[in-house]
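Here is the structure we will look at, set down as structure tokens.
There are 2 protein chains.
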Amino acid sequence: MADVARLAGVSTSTVSRALRRAESVSPALRARVHEAVAALGYVPNSMAGGLAAARTRTVGVIVPSLVNSFFAATLDAMTERLAPRGYQIMLGNSAYSPETEAALVNSFLSWSPAAIVLTGQAHARATMQRLLGAGIPIVEMWELGENALDSLVGFSHRAVGRLAARHLLDRGRRRIAFVGAALDEDRRAAQRSAGFAEVVREQLGRPAVVVALPQRASAATGGLALAELLARHPDVDGVAFSNDAMALGGLFECQRRGIGVPADLALVGFGDLDFAAWSTPALSTIRPPRREIGLAVADHLLQRFDDPHAGPTTIDVGFELVPRASS
Amino acid sequence: MADVARLAGVSTSTVSRALRRAESVSPALRARVHEAVAALGYVPNSMAGGLAAARTRTVGVIVPSLVNSFFAATLDAMTERLAPRGYQIMLGNSAYSPETEAALVNSFLSWSPAAIVLTGQAHARATMQRLLGAGIPIVEMWELGENALDSLVGFSHRAVGRLAARHLLDRGRRRIAFVGAALDEDRRAAQRSAGFAEVVREQLGRPAVVVALPQRASAATGGLALAELLARHPDVDGVAFSNDAMALGGLFECQRRGIGVPADLALVGFGDLDFAAWSTPALSTIRPPRREIGLAVADHLLQRFDDPHAGPTTIDVGFELVPRASS
DNA sequence: GGGCCATCTGAAAGCGCTTGCAAGCGCGGC
DNA sequence: GCCGCGCTTGCAAGCGCTTTCAGATGGCCC
Numbered sequence: 002m003a004d005v006a007r008l009a010g011v012s013t014s015t016v017s018r019a020l021r022r023a024e025s026v027s028p029a030l031r032a033r034v035h036e037a038v039a040a041l042g043y044v045p046n047s048m049a050g051g052l053a054a055a056r057t058r059t060v061g062v063i064v065p066s067l068v069n070s071f072f073a074a075t076l077d078a079m080t081e082r083l084a085p086r087g088y089q090i091m092l093g094n095s096a097y098s099p100e101t102e103a104a105l106v107n108s109f110l111s112w113s114p115a116a117i118v119l120t121g122q123a124h125a126r127a128t129m130q131r132l133l134g135a136g137i138p139i140v141e142m143w144e145l146g147e148n149a150l151d152s153l154v155g156f157s158h159r160a161v162g163r164l165a166a167r168h169l170l171d172r173g174r175r176r177i178a179f180v181g182a183a184l185d186e187d188r189r190a191a192q193r194s195a196g197f198a199e200v201v202r203e204q205l206g207r208p209a210v211v212v213a214l215p216q217r218a219s220a221a222t223g224g225l226a227l228a229e230l231l232a233r234h235p236d237v238d239g240v241a242f243s244n245d246a247m248a249l250g251g252l253f254e255c256q257r258r259g260i261g262v263p264a265d266l267a268l269v270g271f272g273d274l275d276f277a278a279w280s281t282p283a284l285s286t287i288r289p290p291r292r293e294i295g296l297a298v299a300d301h302l303l304q305r306f307d308d309p310h311a312g313p314t315t316i317d318v319g320f321e322l323v324p325r326a327s328s
Numbered sequence: 002m003a004d005v006a007r008l009a010g011v012s013t014s015t016v017s018r019a020l021r022r023a024e025s026v027s028p029a030l031r032a033r034v035h036e037a038v039a040a041l042g043y044v045p046n047s048m049a050g051g052l053a054a055a056r057t058r059t060v061g062v063i064v065p066s067l068v069n070s071f072f073a074a075t076l077d078a079m080t081e082r083l084a085p086r087g088y089q090i091m092l093g094n095s096a097y098s099p100e101t102e103a104a105l106v107n108s109f110l111s112w113s114p115a116a117i118v119l120t121g122q123a124h125a126r127a128t129m130q131r132l133l134g135a136g137i138p139i140v141e142m143w144e145l146g147e148n149a150l151d152s153l154v155g156f157s158h159r160a161v162g163r164l165a166a167r168h169l170l171d172r173g174r175r176r177i178a179f180v181g182a183a184l185d186e187d188r189r190a191a192q193r194s195a196g197f198a199e200v201v202r203e204q205l206g207r208p209a210v211v212v213a214l215p216q217r218a219s220a221a222t223g224g225l226a227l228a229e230l231l232a233r234h235p236d237v238d239g240v241a242f243s244n245d246a247m248a249l250g251g252l253f254e255c256q257r258r259g260i261g262v263p264a265d266l267a268l269v270g271f272g273d274l275d276f277a278a279w280s281t282p283a284l285s286t287i288r289p290p291r292r293e294i295g296l297a298v299a300d301h302l303l304q305r306f307d308d309p310h311a312g313p314t315t316i317d318v319g320f321e322l323v324p325r326a327s328s
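In structure tokens form, the structure reads like this:
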């Protein structure tokens, strides 16, 4: 930076200001500084900057899994929006464990991040306290409930479950069931399941049939769980799956068994993954705005970075039923 | 840190050493320091540390896409191995653009990372120079060719394409074709296509039929591309897809058209994604070690971090044909 | 033309750690 | 009993920026 200052014939404080808050430096000097920066290929040392300013252009993001393409799409969209503004993403993978999440939050905080983004609303108490004490924007995403820590960007998974059930009822199905996986671990899937069960109880006056395997959701568990459901309730005529990957597995299981979809069994998934529109029959599903969540989080954060007066908000990004041939 | 030092009755340098290189501090003091750290809930400021030491426990990773579950799985595995050792991942999304990659490398470098991990071997010249000048381990992953920048962890995509072709030939198919997408952008897919074409030329003495759509690979493009292939070559009897998502789209397209798989048309994919084993018929595919790449990269880096004498290596993680019912 | 205010720039004090250097200490050998 | 060597520990000098504070500059009004 001293070199840049020398070449531009100014002091390092001016260089810093020209690079940081351009408007506080006269246009002529600003141009000279930028020329010098370009000529020297100067790249500021982020750590020195961060240390001096006690904040950095870093956003810590913790997701429970990357293989789950929901969060991958959200992250994708988030980097897309944040990177051009010079914000780096520090990635953390909690593997659905609150303890791991706590450890990640701790180490993220040691970087004085500009914000921290978490998935869901379930956190260790210590995590929440530490987060609140940091005095930076905190965003919880992908879930929408009470008592937000700070900002919230998501939608109601209970409502998703309710909609799935209503959709099957609308299609004239009465012997309907919910198929999930790892519901103890995946809170949001459990909420969808609960919403589904609510509607079943309200409309049909009986407890809902829910089959959940302990393994993680996948096409394999979808097929296996459907097999188990059929073994226990051979007369089932409509199934809501916890996500599209499982629904795909269910669809294939039906093909193997010669079960007509939707003639014998109506299927509805969640996610609107790439293949849903292309399967035979095309998969009815509920589309969560995977990318939009990332964009909304990024936009909200940028706004709060730019305007210190901007406070936390709750953004309901909603979701959408995509009825197709499978139901 | 001063507080910790006071509580432990030592100087800050001792605290730093106890935390950093434990062996250079007597066991008694080390224990006192750790007690004090625990009592105070002290979390070191990474930036101050990084600034003073001119290096950080940070690894910059650039992938071309997260939605592509190949890289998501690799990243997942990498974080799993790196996080427990205190290394943070800075995530960059190049979106298959060398310019974006160059910008990301630049900003990563401003954090004095412990290493940088790139996807593939195609980079802007300036990127490579800057990287080499940084004097840190550089890993290129997912591709295996000549002239590694530094370390290399991957496999030969040309060999994958060759194997796909040979597999179809082994199954007695002669009118075989390759179906891909965005081959100009996705170098590795292009290499698979080239390997496929080589074998066709060698064994059948004619140029290979390759259909590639400009859009990104997906079930949708797989179905569309297969439709185009069938329009141009109705007599095709074997197809290798650039990846499993496309193959799935192709399989569904066959179901729609009543084309028997594998009776009329043999299908082979690439990736061994979750659903491949569960489709009807189960999808023959070539399995790249998605997670293993991440683990190998992480292990290699940790080794080089621990032992400054350790140099770059090239690791061929290989791949595996998984023959199933679709071929 | 002088005085005052607004605007822009520079000097310098850290930000919280790491690490080279040197001093302190205990112990074994002569 | 003294010397010297190794192992520990503390001192203090930065690492490369940001930002406060004050000084310089120029424009404008009376």
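Protein sequences appear in the order of chains A and B.
The first sequence begins at 2 in the working numbering and counts up one residue at a time.
The second sequence begins at 2 in the working numbering and counts up one residue at a time.
By construction, the Cβ of each residue, glycine as well, lies at the ideal position given by its N, Cα and C atoms.
This structure is a prediction, so every number in the text was calculated from the model and none was measured.
Flagged as an interface residue toward chain A: B:Val68, by a C-beta distance shorter than 7 Å. Ranked by how close their Cα comes to the Cα of A:Ala160, the residues A:Ala54, A:Arg305, A:Ser194 have A:Ser194 in first place. At the C-beta level, B:Met142 and B:Thr120 come within 7 Å of one another. Residue contact check for B:Asn94 against chain A: a CB pair falls below 7 Å. In the DSSP assignment, B:Gln89 is bridged to B:Thr59.
Taking a C-beta cut-off of 7 Å against chain A, the contacting residues of the segment 244-260 of chain B are Ala246, Leu249, Gly250, Phe253, Gln256, Arg257, listed in chain order. Nearest to B:Pro235 by alpha-carbon distance, out of B:Ala178, B:Thr80, B:Ala49, B:Glu293, is B:Ala178. Here B:Asp77 is buried, its C-beta having at least 16 other C-beta atoms within 10 Å.
For the options A:Phe72, A:Ser27, A:Asp4, A:Ile63, the alpha carbon positioned closest to that of A:Val44 is the one of A:Asp4.
Taking a C-beta distance under 7 Å as the contact criterion, A:Ile294 and A:Thr75 qualify as a contact pair.
If one requires a minimum length of 4 residues, the alpha helix (DSSP H) runs lying completely within the segment 236-300 of chain B are 245-258, in chain order.
Taking C-alpha positions only, A:Ser152 is separated from A:Ile137 by approximately 11 Å. For B:Asp300, no chain A residue has a Cβ inside 7 Å of its Cβ, as the nearest lies near 17 Å away.
DSSP places A:Gly121 outside both helix and strand once states are collapsed to three, so it counts as coil. Looking at the backbone, the Cα of B:Leu164 and that of B:Phe197 are separated by about 8 Å. Not flagged as an interface residue toward chain A: B:Leu296, since no C-beta distance is shorter than 7 Å. For B:Ala213, DSSP records a beta bridge to B:Gly181. Distance check between A:Ile316 and each of A:Ala183, A:Glu144, A:Ala73, A:Ile117 places A:Glu144 closest, using alpha-carbon atoms only. Put simply, the backbone Cα of B:Val201 is about 20 Å away from that of B:Ala248. Excluding residues up to 5 positions away in sequence, Gln122, Glu141, Pro313, Thr315 lie with their Cβ nearer than 8 Å to the Cβ of B:Ala149 in the same chain. Neighbourhood of A:Ala311 in chain B, by CB distance below 9 Å: empty, with the nearest CB roughly 25 Å away. Residues of chain B whose Cβ lies closer than 8 Å to the Cβ of A:Asp171 do not exist; the shortest such Cβ separation is about 26 Å. One thing to note: B:Gly251 has its Cβ within 7 Å of the Cβ of B:Leu268.
The beta carbon of A:Trp143 does not come within 7 Å of any beta carbon belonging to chain B, so the residue lies off that interface.
If the five residues before and after A:Gly272 are omitted, its C-beta is found closer than 7 Å to the C-beta atoms of Phe71, Asn244, Asp245, Thr286, Pro289, all from its own chain and listed in chain order. Spanning the alpha carbons of B:Asp185 and B:Glu102 requires a straight line of approximately 17 Å. Here DSSP, grouped into helix, strand and coil, assigns B:Gly155 to strand. Here B:Val298 is not near B:Val64, since their CB atoms are 7 Å or more apart.
The DSSP-derived three-state label of A:Asp317 is strand. B:Val44 belongs to the set of residues whose beta carbon lies under 7 Å from a beta carbon in chain A. At a cut-off of 7 Å, the C-beta of B:Thr80 has a neighbouring C-beta in chain A. The criterion of a C-beta distance shorter than 7 Å is satisfied by A:Ser113 and A:Arg56. When A:Leu284, A:Ala311, A:Gln304 are compared, the shortest CA-CA separation from A:Pro324 is found for A:Leu284. For the set A:Arg305, A:Ala326, A:His301, A:Arg172, the Cα lying nearest the Cα of A:Val318 is the one of A:His301. Looking at the DSSP output, B:Glu141 sits in a beta bridge with B:Leu119, B:Leu153. Within 10 angstroms of the beta-carbon of A:Glu254 lie 16 or more other beta-carbons, which makes it buried.
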